[in-house]
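One structure is given below, encoded as structure tokens.
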Amino acid sequence: MSILTGTYRLKVGLAEMLKGGVIMDVTNAEQAKIAEEAGAVAVMALERVPADIRKEGGVARMADPEKVIEIMEAVTIPVMAKVRIGHFVEAQILEELGVDFIDESEVLTPADEEHHIDKHPFKVPFVCGARDLGEALRRIAEGAAMIRTKGEAGTGNVVEAVRHMRKIMSQIKRITTLREEELMKEAKALGAPLELVKYVHDHGKLPVPNFAAGGIATPADAALMMQLGAESVFVGSGIFKSSDPRKMARAIVEAVAYYDNPRVLARISKGLGEAMRGLDVSKMKEEELLQTRGW
Amino acid sequence: MRIGILAIQGDMDLHHRKLRMIGISPLLVKTEEELKRVDGLVLPGGESTTISKILERYGLRESLKKRIEEGMPVLATCAGIIILAKKFDKDEPEVKSLGLLDVKLQRNAYGRQRESFEGPVRLKINDVEKTITGIFIRAPKIIEVGKSVEELGWYESDPVLVRQGNILAMTFHPELVDEDNSIHEFFVKMVEEKGGRNV
């Protein structure tokens, strides 16, 4: 028996280890420490949180490697980092740095409007965003080891993440009710490989963990996503744009662990100070949306 | 007999699936009341920092420690062995372990995710020897083993599966491997021998 690295089983395995946890966006070593102390299962190393990317505009790219290394050295938990959609060289650089998970993310400005990264050749696992089941299965076919809802990052508004999670969950449920011979038509309609549609039909779930992201700002938001079927939660701007990040971080960690226990949720939601301010997504212009990036 | 899985954070779904494969329907344990109802407990893989913090904040740390000291069988994988370990190679301020298993661990000893690997693990359980695939994900390494600890599995020359009385602990993830159930089966026997009631 030989020794193998970078297998699909190892990639999905790490995603499984992150279930029931919170992955927090951080922009420096100090924030990374706060996240780890609060009980985050991983941190996402960034130069700017999505709310600031949205405000400042310009081209958003992979973080400076120096920043990523600073964060990797500060904590013992896994460190993720984002690359632009389709920018496989940014991904090669992050893999070289030793990042544990790569997020091919619509929060950054896409580098390729037609192609996502072929994620199979990498030893490091990838997470990708999705708004519906077809998109999720296309990313999995390209090698993603974890799917997250896109939501609408940097808004502090959970409405889009809810929409995407509900859509994916109801599409999964519907597929389980189909007859075998109906799956090819479904695969064609979804724009997804038949074998993955078959997997969903047989197992009633995605072949990789399914997490929530995009607009989660409070413990209640996090628990809502878990009750809707998310297996973990990414919190971007929601922690370090709140008035008391330590408290908010800790409360969201506990909310994900006890998402089905209203008594705990009521207790930890008290006295958290102000959550991030938030934006009304329905009043945003189409070109301001991040979720429409990628397909 | 009722086997529980500590379901605070981690790969509890995989242990759940594995136990169902061998005819056990496990209970997910998140509270003291649930802990009281089980005869044996799985501590899954996950993030040891997260799990140990929630155990502490939700008053589960002491009750779990007491149950294990009283003899409740536990199966611990990866983060689970970190939660149980007595010693570490260096200060680990973010992990408050229970200090029950007499081993010294080095966390993330093989490197980062890029270095996570699948490799042969040689098992010797009840004098039966076999080799299975060990899945090591950002795994710790056992660098010292106390006198009361028996080695049951090795990767190269490192002990990776150990037993100390009612504790069965390993640095890899048998719950991720479909081809072999021997470790979970052995654990179920430990619970049965301990007089786990058949429910």
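Going down the list, the protein sequences come from chains X and E.
If you're matching positions, the first sequence starts at 0 in numbering that gives the first Met the number 0 and goes up one per residue.
If you're matching positions, the second sequence starts at 0 in numbering that gives the first Met the number 0 and goes up one per residue.
For glycine and all other residues, C-beta sits at the position ideal for the given N, C-alpha and C.
Note that the structure is predicted; figures quoted are calculated from it, not measured.
Taken atom to atom, the span from the alpha-carbon of Met-283 (chain X) to that of Asn-156 (chain X) is near 12 angstroms.
The Cβ-Cβ distance between His-183 (chain E) and Leu-18 (chain E) falls below 9 angstroms. Judged by DSSP secondary structure, Met-43 (chain X) falls within the beta strand (DSSP E) whose first and last residues are 41-44. Contact between Gly-150 (chain X) and Ala-212 (chain X) holds: their C-beta atoms lie close to 6 angstroms from each other, under 8 angstroms. Leu-193 (chain X) has its alpha-carbon roughly 42 angstroms from the corresponding atom of Thr-30 (chain E). A contact between stretches requires three or more CB pairs, one per stretch, nearer than 8 angstroms, and the stretch 243-250 of chain X meets this requirement with the stretch 260-271 of chain X. In the three-state reduction of the DSSP assignment, Met-0 (chain X) falls in the coil class, being assigned neither a helical nor a strand state.
Taking the Cα positions, Lys-146 (chain E) is about 24 angstroms away from Lys-129 (chain E). Look at the stretch 151-175 of chain E: the residues with a C-beta under 8 angstroms from a C-beta of chain X are His-172, Leu-175. Interface residue (Cβ-Cβ distance to chain X less than 9 angstroms): Pro-119 (chain E) is classified as such. Beta-bridge partners of Asn-209 (chain X) (DSSP): X:Ile-146.
Assigned with DSSP and collapsed to three states, Lys-193 (chain E) falls in coil, not helix or strand. Per DSSP, reduced to three states, the secondary structure at Gly-45 (chain E) is coil, with no helix or strand assignment. Taking a cut-off of 8 angstroms on C-beta distances, the stretch 22-33 of chain X does not touch the stretch 127-140 of chain X, as fewer than three cross pairs fall below it. Take the alpha-carbon of Gln-105 (chain E) and the one of Leu-83 (chain E): they are about 13 angstroms apart. A Cβ of chain X is located within less than 9 angstroms of the beta carbon of Gln-112 (chain E). The residue from E:Leu-175, E:Lys-95, E:Gly-164, E:Asp-177 with its alpha-carbon nearest to that of Phe-186 (chain E) is E:Gly-164. Rounded to the nearest whole angstrom, the C-alpha separation of Ala-186 (chain X) and Thr-291 (chain X) is 22 angstroms. The Cβ of Arg-292 (chain X) sits no closer than 9 angstroms to any Cβ of chain E. Looking from the CA of Arg-113 (chain E), the closest CA among X:Ile-101, X:Glu-113, X:Thr-108 belongs to X:Ile-101. With distances taken between CA atoms, Val-199 (chain X) lies nearest to X:Ile-171 out of X:Ala-144, X:Ile-22, X:Ile-171, X:Asp-51.
Only Arg-249, Val-252 from the stretch 236-252 of chain X bring a Cβ to less than 9 angstroms from some Cβ of chain E. Per DSSP, Ala-62 (chain X) lies in no beta strand (DSSP E) and is assigned neither H nor E. With at least 16 other beta carbons inside 10 angstroms of its own, Val-25 (chain X) counts as buried. When secondary structure is reduced to three states using DSSP, Arg-162 (chain E) falls in the strand class. For the C-beta of Pro-124 (chain X), the chain E residues within less than 9 angstroms are, from N- to C-terminus, Gln-112. Put simply, the backbone Cα of Val-120 (chain E) is about 11 angstroms away from that of Ser-1 (chain X). For Asn-180 (chain E), there are no neighbours in chain X by C-beta distance under 9 angstroms, as the nearest C-beta there is about 17 angstroms away. Legend: CB atoms of the stretch 89-108 of chain E lying less than 7 angstroms from CB atoms of chain X belong to residues Glu-93, Arg-106, Asn-107.
Against chain E, the CB of Arg-8 (chain X) has a partner CB under 9 angstroms away; the residue lies at that interface.
Here the alpha carbon of Leu-107 (chain X) sits roughly 11 angstroms from the alpha carbon of Ala-80 (chain X). With a contact defined as Cβ atoms closer than 8 angstroms, Ala-44 (chain X) and Met-23 (chain X) miss out at about 10 angstroms.
Membership of Gly-237 (chain X) in the alpha helix (DSSP H) is indicated by the continuous run 236-239.
Fewer than three beta-carbon pairs drawn from the stretch 89-96 of chain E and the stretch 134-150 of chain E are found closer than 8 angstroms, and the two stretches are therefore not classed as touching.
Bridge partners of Met-169 (chain E) according to DSSP: E:Thr-76, E:Leu-160.
DSSP places Thr-175 (chain X) inside the alpha helix (DSSP H), whose first and last residues are 158-175.
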